[in-house]
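Here the structure comes first, spelled out in structure tokens, and everything after it is commentary.
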Amino acid sequence: MEIYPVDQSDVDDKHRRTARWRHKNIYRWDPIVKAWSRSDLHALTYRWRDVITDFDSDWRMYEHVTHLGFWA
């Protein structure tokens with residue numbers, strides 16, 4: 030999975046943070062897909078945080094997602 034950071038084009042230069050795209054292998058998709066299919070935002074947020082918290086100290090930069098796509 031590729032994770033792209035939030036679009037910061039509307040943020041003043043002095044407040045922008047350097048964020049790079051990340052690559053992550055996810056082996057447990059079932060809970061994420063089930064939460065998404067039920068529109069269960071609470072469960073989806075919990076599962077997403079579980080995925081991104083191992084991005085070291087910058088994981089919070091990827092906490093808010095505007096788009097999530099599934100394909101096989």
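Counted the way this note's numbering counts, the sequence shown spans residues 30 to 101. The beta carbon of each residue, even a glycine, is placed where N, CA and C say it ideally should be.
Leaving out the 5 sequence neighbours to the left and right, which residues in its chain are closer than 8 Å to residue i when beta-carbon positions are compared?
{"i": "E92", "result": "W77, R78 and I81"}
{"i": "D87", "result": "A48"}
Which whole-angstrom value is the C-beta distance of residue i and residue j, which I expect to be below 8 Å?
{"i": "L73", "j": "I61", "result": "7 Å"}
According to DSSP, simplified to helix, strand and coil, what is residue i?
{"i": "I4", "result": "In the structure as shown, the chain starts at 30 and stops at 101, and residue 4 therefore has no counterpart that could be examined."}
Please return the same chain residues whose Cβ sits closer than 7 Å to the Cβ of residue i, not counting the five positions on each side in sequence.
{"i": "Q37", "result": "R45"}
{"i": "D85", "result": "none"}
{"i": "I32", "result": "W50, R51, K53 and Y91"}
Who are residue i's beta bridge partners in DSSP?
{"i": "I61", "result": "Looking at the DSSP assignment, I61 forms no beta bridge with any residue, so it has no partner."}
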